[in-house]
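Visitor: Right, I'll just put the structure down here and ask away after.
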Amino acid sequence: MPEKMKYDSAWKDIIEELFPEFLEFYFPEIYKDIDFKLGYSFLNKELKKIVKDNQIGKRFADELVKVFLKDGSEKWILIHIEVQGTAEIQLEKRIFVYHYRIFDKYEKESVSLVLLTDKNPHYRPESYQFQKWNFDLYMKYPVIKFLDYQKEMNRLLESKNPFALVTLIQLKSMEAIENNQKYNAKMNLILHLFRKGFSKEKIEKILFFIDWVLQLPEELEIKLENEINELNEEAPMTYITNWERRAKKQGIEEGIQQGIEKGIEKIVEKLYRKGKSVQEIADLTDLSIEKIKPIVFKHKN
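Letter by letter, the sequence shown follows residues 33 to 333 of the numbering used here.
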């Protein structure tokens, strides 16, 4: 997986794992209106169907979430996360396009939320507008700019919400350029994480995020882990090494991939048994002939 996609994936993972806390910290007004007892769900399949047009860019970090309000009504929340660290020229257009595509395809009115991690203090795309003759289209959406939190460091350090620490991690990743800076930042953030009194599960989720956002060369990771382990003997800290976390995540991803491969094999086998040729199967599934032939040969014998 390319580094940028890993970085985007870190944001997707932390939001999906700690969604109520995400809304509570960044969008408290929305959080107050949602009845989390009724559940919520991430609509990944639905989102994929509306981002097919490459002209507006397929954003790996976007999230579409179905929630229920306290009055029992259903709402969809579309979260746009600009995590590449640079201002995106077509962001306003993309938000508008996603909004009308959701309504057109699913007849659902969605609320768009935007998170910006770029370093340009003047980049604040807060609306989309088109006006011609007597026609006026105006769309405004709430924006979270991480640079703004630089003025709220005390609040971030004192808050019990895990996304206060996630925000600190993001800010430090924007500041730290040299490896020694990243090392010191990562060490301090991990120690601060242990002091917060979070559950083991939350600690592990935030450690995953730290690993992706503040990556170090292998020798520095080993040094960091040794220092943490030394501190572990003196304090009741829960620390899973970077390598253990990576191995666990890789195992999950490999399991998913194996499931996908088995599903593909079943489809090819079914089509072959129905009398379809290798070329016909390739045309129907978009799989390469080289991938289909071994499966067909396996079930032919």
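We treat Cβ as the ideally placed atom computed from N, Cα and C, and that holds for glycine.
#1: In whole angstroms, what separates the C-alpha of Ile201 from that of Ile327?
#2: Name the two residues that bound the continuous beta strand (DSSP E) containing Gln247.
#3: How far does the alpha helix (DSSP H) with Ser159 in it reach, from first residue to last?
#4: Just to confirm the assignment, what range does the beta strand (DSSP E) spanning Tyr170 have?
#5: What do you get for Gly96, buried or exposed, if any count of 16 or more other CB atoms within 10 angstroms of its CB means buried?
#6: Given a cut-off of 9 Å on the beta-carbon distance, is the pair Leu223 and Ile242 in contact?
#7: Hey, could you find the ends of the alpha helix (DSSP H) Ser144 is sitting in?
#8: For Gly89, which residues in the same chain have their Cβ closer than 6 Å to its Cβ, ignoring the five residues on either side in sequence?
#9: Going by C-alpha distance, which of Asn216, Ile134, Phe128 and Lys323 is nearest Leu79?
#10: If contact is defined by three or more beta carbon pairs under 8 Å, each pair taking one atom from either stretch, is the segment 43-53 in contact with the segment 126-146?
#11: According to DSSP, what are the bridge partners of Ile111?
#12: Can you list, in chain order, the residues of its chain whose CB lies under 6 Å from that of Leu179, leaving out five sequence neighbours each side?
#13: Just reading off the alpha helix (DSSP H) that Ile176 is part of, what are its end residues?
#14: Give the single residue among Ile109, Ser309, Glu322 and Tyr132 whose Cα lies nearest to the Cα of Tyr170.
#15: Tell me the DSSP secondary structure of Glu139 in three-state form.
#16: In terms of residue numbering, what span does the alpha helix (DSSP H) encompassing Lys225 cover?
#17: Would you kindly report the start and end of the unbroken alpha helix (DSSP H) that includes Arg187?
#18: Distance check for Gln182 and Leu203, CA to CA, integer angstroms please.
Guide: Based on what the coordinates show:
#1: 46 Å
#2: Unbroken run through Gln247: none, as it is neither H nor E.
#3: Run containing Ser159: none in the alpha helix (DSSP H); it sits in the beta strand (DSSP E), Ser159 to Lys164.
#4: Phe167 to Lys172
#5: Per the sequence shown, the amino acid found at residue 96 is Leu instead of Gly. Leu96 is buried by the Cβ-count criterion.
#6: no
#7: Unbroken run through Ser144 is the beta strand (DSSP E), Ser142 to Leu148; no alpha helix (DSSP H).
#8: Any reading at Gly89 must be qualified, since the residue scores a pLDDT of 49, below 50, and its modelled position is unreliable; no value is offered.
#9: Ile134
#10: no
#11: Glu95 and Leu145
#12: Pro153
#13: Note, Ile176: premise wrong, no alpha helix (DSSP H); beta strand (DSSP E) at Val175 to Lys177.
#14: Tyr132
#15: coil
#16: Here the sequence assigns Leu to residue 225, which means Lys is not the residue at that position. First-last of the alpha helix (DSSP H) with Leu225: Asn211 to Arg227.
#17: Met185 to Glu190
#18: 8 Å
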